[in-house]
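Enquirer: Numbering (this note's numbering), first residue to last: 78 to 631. For each residue, glycine too, the CB sits at the ideal point set by N, CA and C. Fair warning: this is a prediction, and the values are worked out from it, not measured in the lab. First the structure, then my questions, so here it is.
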């Protein structure tokens, strides 16, 4: 049972516990940010006998990812089985104190170094003045001493100061050595309780994410496992595949689903470290197979993936079946993908739905068609009503996947459009082009309605600003004539965008005809991938969000 233990700790014990590795700063703590002047004020309070607040430790025999080095001192690892005190509150004060008393040189996040040996005791300062200073240049010689010399200097060194200061030196040294620090130990607490305590104590800061907690929990120096480093390695490997935007939360979901067929926050926090590490390589392999499958399917970049959560059930498929899907299994997986993407499946309640959906993957692997509890009726009215173009919407991303699957060609040369995650994040991206330019429509379209102008049906995927620079605000009839001179395969090019330049009113600048013809074409294409069945459940409630990550769920 979780309990609190309030204990006084002397200076020598506090320093010794840090030096021997019994006190650790967990990696989820923010970086050391106090400057040398703030640290001087802390020691000044101590030397005046003022209280400096309580240090709160989480006392546990778990091993977390922690700060390995403090300044220029490498902190040792505790022995197996020994209890460790992880600092939940007081890291800035504790680091300042240790750096000052040991004279460390610490490099900040900005790359600047601070030499904490350059801190001094002013013998002549009164109590209402600063006794601990950082700049003694205006003081007479032999009227001040370095803090490190005060605490660790030899008798000969201290005796060399004028006799009138010997008693002051002795007194200040004794005050620091005898200062009693207030420490509260949080004992017998699981990691989620400890990190919740940390979060509440740091109300002005940012709450810990689930990933940050799991980085701390799964760290294992003997097995050389560091989740933060492993995730960075995965992102780097996926960069060449243009799938480097897969969030850490999704990776945790995959690991948990493979182990427990469940991926709630509570379940992820309960995962045993050894089992987590044991399954890691398998989970990563399954994620990579999923990425390869999506890319081969035509979804060449992760930015247009309707839900990151889709990585989870497909990774589970590759966990059970290492071969790429073919035949009826492939058709049923396609059906699942489009139902989830167009049916707003993961717009809320992601974790519980993932647990349900891996059962559907198992059904597909057995050669059967799952029954879906949500309806998907993709008709023209449905696409029209949900087509407002915004790259944060899963439905829009699904249509962009359809566009990408068609392997769109460049207007000017009929070569494949190059898609890049860095260009696909916002609606004003270089890769997105309103086929009928908004400004042209506003001037020339009698029934101007911004909803239908900024509709996914008016969006094409182009290479980059080169096409936009050529098109600018020209009408389709005008700029398509320019491309017709450069690209002899223009008809085939535009068909890769679900556009027929001879039948869609392009040469007459007929937006209504273009809009409705493309709507019919896209609706028909989508329905090729959905297997008809009677779904009694309602259509999922649409939310204009991509998905809810597990660390944001209570």
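Alpha carbon to alpha carbon, what distance is there between residue 396 and residue 370?
Expert: Residue 370 and residue 396: Cα-Cα distance of roughly 14 Å.
Enquirer: For the region 376-388 and the region 414-434, state whether three or more C-beta atom pairs, one from each stretch, are separated by less than 8 Å.
Expert: yes
Enquirer: For residue 262 versus residue 83, is the C-beta distance shorter than 9 Å?
Expert: Against a cut-off of 9 Å, the Cβ pair of residue 83 and residue 262 comes out as a contact.
Enquirer: Leaving out five residues on either side along the sequence, give the residues of the same chain with a beta carbon under 6 Å from the beta carbon of residue 131.
Expert: 259, 261
Enquirer: Check whether the region 221-240 touches the region 188-196, taking contact to mean three or more Cβ pairs, one atom from each stretch, closer than 8 Å.
Expert: yes
Enquirer: I'd like to check one pair, residue 610 with residue 437: are the Cβ atoms closer than 9 Å?
Expert: no
Enquirer: Residue 608 and residue 409 - do their beta-carbons sit closer together than 9 Å?
Expert: yes
Enquirer: With a threshold of 8 Å, are at least 3 pairs of Cβ atoms found where one atom belongs to the region 114-121 and the other to the region 293-307?
Expert: no
Enquirer: Whole angstroms is fine: what's the gap from residue 171's alpha carbon to residue 91's?
Expert: 9 Å
Enquirer: Using only alpha-carbon positions, find the residue among 100, 141, 547, 190 that is nearest to residue 304.
Expert: Closest by alpha carbon: 141.
Enquirer: Look up residue 221 in the DSSP assignment and say whether it is helix, strand or coil.
Expert: In this structure, residue 221 counts as strand in the three-state DSSP scheme.
Enquirer: Using 8 Å as the cut-off, can you tell me whether the region 444-464 makes contact with the region 354-371, which would need three or more C-beta pairs spanning the two stretches below that distance?
Expert: no
Enquirer: Buried or exposed: where does residue 99 fall if 16 or more other Cβ atoms within 10 Å of its Cβ makes it buried?
Expert: With 16 or more other CB atoms across the displayed protein chains lying within 10 angstroms of its CB, residue 99 is buried.
Enquirer: Please identify the residue among 589, 491, 393 whose C-alpha is closest to the C-alpha of residue 522.
Expert: Of the candidates 589, 491, 393, the one whose C-alpha sits nearest the C-alpha of residue 522 is 589.
Enquirer: To the nearest angstrom, how far is it from the Cα of residue 538 to the Cα of residue 153?
Expert: 55 Å
Enquirer: State yes or no: is the C-beta of residue 88 within less than 9 Å of the C-beta of residue 256?
Expert: Their beta carbons are under 9 Å apart, which means residue 88 touches residue 256 by this criterion.
Enquirer: With DSSP as the reference, label residue 412 as helix, strand or coil.
Expert: helix
Enquirer: In the structure shown, what three-state DSSP assignment does residue 137 receive?
Expert: strand
Enquirer: To the nearest angstrom, report how far apart residue 329 and residue 268 are at their CA atoms.
Expert: 16 Å
Enquirer: Suppose the cutoff is 6 Å on Cβ atoms and the five residues either side in sequence are ignored; what does the same chain contact list for residue 246 look like?
Expert: 235
Enquirer: Could you please give me the residues that DSSP links to residue 513 through a beta bridge?
Expert: Residue 513 pairs with nothing; no bridge assigned.
Enquirer: Let me know the secondary structure DSSP gives residue 263 once reduced to three states.
Expert: strand
Enquirer: Taking only the alpha-carbon atoms, compute the straight-line gap between residue 309 and residue 271 and give it to the nearest angstrom.
Expert: Near 26 Å, if we compare the C-alpha coordinates of residue 271 and residue 309.
Enquirer: Report yes or no: do the region 525-536 and the region 547-558 share at least 3 C-beta pairs separated by less than 8 Å?
Expert: Touching, no.
Enquirer: Using the three-state DSSP reduction, which class does residue 314 fall into: helix, strand or coil?
Expert: Here DSSP, grouped into helix, strand and coil, assigns residue 314 to helix.
Enquirer: Curious, which full-length alpha helix (DSSP H) runs of at least 4 residues does the region 384-454 contain?
Expert: 388-397, 404-419, 427-442
Enquirer: Would you mind reading off the limits of the beta strand (DSSP E) that contains residue 248?
Expert: Unbroken run through residue 248 is the alpha helix (DSSP H), 243-255; no beta strand (DSSP E).
Enquirer: Residue 93 by DSSP, collapsed to three states: which one?
Expert: Residue 93: helix per DSSP, three-state reduction.
Enquirer: Do residue 183 and residue 121 have their CB atoms nearer than 9 Å?
Expert: no
Enquirer: Which stretch, first to last residue, makes up the beta strand (DSSP E) that contains residue 184?
Expert: Unbroken beta strand (DSSP E) run through residue 184: 182-184.
Enquirer: For residue 168 and residue 110, I'd like the C-alpha separation in whole angstroms.
Expert: Each residue's alpha carbon lies about 10 Å from the other.
Enquirer: Given this structure, state the Cα-to-Cα distance separating residue 597 from residue 558, to the nearest angstrom.
Expert: If you take the alpha carbons of residue 597 and residue 558, they lie about 25 Å apart.
Enquirer: Are the Cβ atoms of residue 161 and residue 137 separated by less than 9 Å?
Expert: Yes, the Cβ-Cβ distance between residue 161 and residue 137 is below 9 Å.
Enquirer: Alpha carbon to alpha carbon, how far is residue 483 from residue 358?
Expert: 33 Å
Enquirer: Rounded C-beta distance between residue 265 and residue 79? I'm assuming under 8 Å.
Expert: Between residue 265 and residue 79 the beta-carbon gap is near 5 Å, inside 8 Å, which marks them as a contact.
Enquirer: Nearest by alpha-carbon distance to residue 494: which of 573, 568, 251 is it?
Expert: 573
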